[in-house]
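S.K.:
Residue numbers (UniProt numbering): 1 to 220.
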């Protein structure tokens, strides 16, 4: 079943064409690696997927409803974006990890938080750590934990392991694969060739703002 659909979507900024006439059906449960040269429009494509930016032309639908018709906050609970440069806020790690509960008016689930710390092989002492004291790799993992506190329908990942060492990259890859196996659809921008074909069932290649190919890697 198609969960996200681009129909003749183009995006321009300051008169410059970034993406041109994209047509793609993303199926529920897909794990799509997105590759292509720098400047080919990969990050722009992800931002269109959860309406961080709006298309200049064409339509994007999520669960058969135009993406612009959704409340942006509610949409981004279901289509979650994790940036290449992590954006943490507040003073402490806990300020970030409690945020997904607050916007859903739910009580903070410490068991869930501790479970994610164990998945990421991070010490629970980080919960009280000040954001300013974190390394780039630690910030990225905390940002991922915040995004995964509630499993989204679609997870958008933009070069999220670029600041991680090989050990932590492997941990993140395994976590994302597990999330996908549990039902979340994954769209992952990566420059790592090995990573792009490791778990993905499809490989989307963008060049010069256009879809060069959508290759099926694994048949479900």
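Even glycine gets a Cβ: it sits at the ideal position worked out from N, Cα and C.
Using 8 Å for Cβ pairs, my map puts residue 134 next to residue 142. What's the rounded Cβ distance?
M.R.: Yes, residue 134 and residue 142 are in contact; Cβ-Cβ is about 7 Å, under 8 Å.
S.K.: Quick one: residues in its chain with C-beta nearer than 6 Å to the C-beta of residue 81, no 5 flanking neighbours on either side, listed in chain order?
M.R.: Counting only Cβ-Cβ distances below 6 Å, and skipping sequence neighbours, we find 50, 156.
S.K.: In three-state terms, what does DSSP make of residue 50?
M.R.: DSSP places residue 50 in coil when its eight states are reduced to three.
S.K.: Can you tell me whether residue 115 is buried or exposed, with buried defined as 16 or more other CB within 10 angstroms of its CB?
M.R.: It is exposed - the Cβ of residue 115 has fewer than 16 other Cβ atoms within 10 Å.
S.K.: Output yes or no for whether 9 Å exceeds the beta carbon distance between residue 29 and residue 197.
M.R.: Not a contact, by the Cβ cut-off of 9 Å.
S.K.: Taking Cβ to Cβ, would you say residue 94 is nearer than 9 Å to residue 120?
M.R.: In this structure, residue 120 does not lie closer than 9 Å to residue 94 by Cβ.
S.K.: Residue 158 by DSSP, collapsed to three states: which one?
M.R.: Residue 158 falls in the strand class under three-state DSSP.
S.K.: With DSSP as the reference, please indicate the residues paired to residue 4 in a beta bridge.
M.R.: DSSP, once it has assigned bridges, lists 26, 62 as partnering residue 4.
S.K.: Count the other CB atoms, across all protein chains shown, that sit within 10 Å of the CB of residue 1; report buried if there are 16 or more and exposed otherwise.
M.R.: Exposed, because fewer than 16 other Cβ atoms sit within 10 Å of the Cβ of residue 1.
S.K.: Which residues in the same chain as residue 98 place their Cβ atom closer than 6 Å to its Cβ, once the five residues preceding and following it in sequence are excluded?
M.R.: Once the five neighbours on either side are set aside, the close Cβ partners of residue 98 are 108.
S.K.: Going by the beta-carbon positions, is the gap between residue 203 and residue 40 smaller than 9 Å?
M.R.: Not closer than 9 Å, so no.
S.K.: What whole-angstrom Cβ distance do residue 55 and residue 9 have, given they're in contact under 8 Å?
M.R.: So it is a contact: roughly 5 Å between Cβ atoms.
S.K.: Please report the straight-line C-alpha distance between residue 149 and residue 158, rounded to a whole angstrom.
M.R.: Their Cα atoms are separated by approximately 18 Å.
S.K.: Taking the CB atoms as reference points, tell me whether residue 78 and residue 101 lie closer together than 9 Å.
M.R.: Result no, Cβ atoms of residue 78 and residue 101 do not sit closer than 9 Å.
S.K.: For residue 163, which beta-bridge partners are listed by DSSP?
M.R.: DSSP, once it has assigned bridges, lists no residue as partnering residue 163.
S.K.: Give the single residue among 74, 103, 139, 75 whose Cα lies nearest to the Cα of residue 86.
M.R.: Nearest of 74, 103, 139, 75 to residue 86, Cα basis: 139.
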